[in-house]
Structures are given as structure tokens and as C-alpha cells.
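Visitor:
Residue numbers (this note's numbering), protein chains in the order written: chain A, 112 to 215; chain B, 112 to 215.
1) Any idea if residue 207 of chain A is buried or exposed, counting beta-carbon neighbours within 10 angstroms, 16 or more meaning buried?
2) Out of B/113, B/133, B/135 and B/153, point me to the one whose CA is closest to residue 122 of chain B's CA.
3) Between the region 186-194 of chain B and the region 159-166 of chain B, are three or more C-beta pairs nearer than 8 angstroms?
4) In angstroms with no decimal places, state the Cα-to-Cα distance between residue 147 of chain A and residue 170 of chain A.
5) Could you have a look at residue 149 of chain B and say whether DSSP puts it in helix, strand or coil?
6) For residue 125 of chain A, I'd like the list of residues in its chain whose CB is within less than 7 angstroms of its CB, leaving aside the five on either flank, ordered along the chain.
7) Counting only beta-carbon separations shorter than 8 angstroms, does residue 194 of chain A have a partner in chain B?
8) Could you tell me how far apart the beta carbons of residue 187 of chain A and residue 197 of chain B are, in whole angstroms, since I believe they sit closer than 8 angstroms?
9) Could you tell me which residues DSSP puts in a beta bridge with residue 167 of chain B?
10) At least one CB of chain A closer than 8 angstroms to the CB of residue 152 of chain B: is that the case?
11) Per DSSP, which one or two residues make a beta bridge with residue 137 of chain B?
12) Give the residues of chain A in contact with residue 120 of chain B, contact being defined as C-beta atoms less than 9 angstroms apart.
13) When you compare the CB of residue 164 of chain B with every CB in chain A, is at least one pair closer than 8 angstroms?
14) Mark residue 142 of chain A as exposed unless 16 or more other C-beta atoms lie within 10 angstroms of its C-beta, in which case mark it buried.
Here it is as C-alpha cells:
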């Protein structure tokens, strides 16, 4: 779980995951193109994502296809889900406060 | 979001959040006790959690009470929620595979 959260704590890595969810099996160079990411930096980010089990890489010839592997996110989301009642509670209190204010 | 995920990427910090969800308003020394955490290390973890907006600290006299502030977790969970269909899809494929195997 440390590795999952740590991998998600970077905007470039979250961008990569988002692109892979829209276009599965993108090559590394396709991933780099639209944001003109530098390849060495991108490769390091892909290593972090791969170590966290969030992507898989498949080499065929000279092309490396990257795919999303969302499994570890499930555990992370379940962990966060335990706290859902706390932010819901804060929202409820806020709504109550606003309604109180509105009362004649 | 970087700060939220980064703060959650440490087991001691996740332990602190979990304890605060069970016992809101614990003092720093109460937080340190059961796992005999060292105070300087714990203070640094609390700084990280506070910077990420995940806890609030209230000083009264010599005691600092710590409370959970779950708001930032909501955004993190919403981000993860976008990928839910991917792990559900993998599970569906797995179930289909097992059922195929079971077929006479």
C-alpha cells in the first residue's frame, strides 16, 4: 500500500494512468508525445508505476506497450472508504449550519 | 492531491489516522503510547499529515489534541473511483475464466 500511495503522489504518474485508462496499450513514445515529456524522466516514472503493480509493459520488437493494472488501486480505495463517514459527517454539519443560518 | 497521497504512503501515518478515527481528539502522547513511537519521529509525521490537511492540532495548556480531518481523502477517493471499472473488469474476466474451466 505504501508503494501504491507513493506512486500516486506525482502528477505525471497520475497523468500516465489517466491516459492509459483512455487508450490502453499505448507505446512509451505515444505516452511521451502530447505533453512532450522527456523520455528518461518518463521511464523512471514508468518504473515506479510498474514496481507498484499499477502498469504492465509488454515488449514486441522495438515497441513497448504499456497497460493499466488497476488492482492495487482497489485496496487503496477500500482503505480510504473506511473514512467516508468522516467527510460525510463534516458535510452534514456544514449543511445544518447553513440551514440554521437561513431559518427565519 | 500530491500531498494527500504522499502523506498516506507511510504505515505510521496511516496508523495515526486510523487511531484518530477510533478515538478523536487524542493527545500526542496518547498517540505515541501503545506502539511506543518515538516522539520526534511522531511529530514529523504529524507535520506531514497537517500539511496535507489530514489532521488539525489544538493546543490547550500543555496538551495538544489531534483530530482527523478527512476532507482531502474524499478527493483522493474520487480520483481512484474513476478506475473502478478497470479492476471490476479484471475480476469479471477472472470469474468468466473459472466458469469456463468448470464447464463440462
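Quick reminder that beta carbons are idealized off the backbone N, C-alpha and C, glycines included.
Guide: Taking the geometry as given:
1) As a working mapping, residue 207 of chain A is identified with position 96 in the first chain. With fewer than 16 Cβ atoms within 10 Å of its Cβ, residue 207 of chain A is classed as exposed.
2) Taking the first residue of the second chain as position 1, residue 122 of chain B is located at position 11. Cα-wise, what sits closest to residue 122 of chain B is B/153.
3) no
4) What you label residue 147 of chain A is simply residue 36 of the first chain in a count that begins at 1. What you label residue 170 of chain A is simply residue 59 of the first chain in a count that begins at 1. The C-alpha of residue 170 of chain A is placed about 22 angstroms away from the C-alpha of residue 147 of chain A.
5) Here residue 149 of chain B is taken as the residue at index 38 of the second chain, counted from 1. Reduced to three states, the DSSP call for residue 149 of chain B is coil.
6) Within the first chain, residue 125 of chain A is the residue found at index 14, counting from 1. Correct list, in chain order: 119.
7) Stepping through the first chain from its first residue, residue 194 of chain A is reached at position 83. Interface residue, yes.
8) As a working mapping, residue 187 of chain A is identified with position 76 in the first chain. As a working mapping, residue 197 of chain B is identified with position 86 in the second chain. Between residue 197 of chain B and residue 187 of chain A the Cβ distance is about 13 angstroms, and since that is not below 8 angstroms, they are no contact.
9) What you label residue 167 of chain B is simply residue 56 of the second chain in a count that begins at 1. Paired residues: B/178.
10) Taking the second chain and counting its residues from 1, the one referred to as residue 152 of chain B is at position 41. Cβ-Cβ to chain A under 8 angstroms: no for residue 152 of chain B.
11) Here residue 137 of chain B corresponds to residue number 26 of the second chain, with the count starting at 1. Paired residue(s): B/177.
12) Against the second chain, residue 120 of chain B aligns to sequence position 9. Result: 112, 113, 114, 115, 116, 117, 118, 119 and 120.
13) Your numbering for residue 164 of chain B matches position 53 in the second chain. Answer no: the Cβ-Cβ gap between residue 164 of chain B and chain A never drops below 8 angstroms.
14) Indexing the first chain from 1 puts residue 142 of chain A at position 31. Residue 142 of chain A should be labelled buried.
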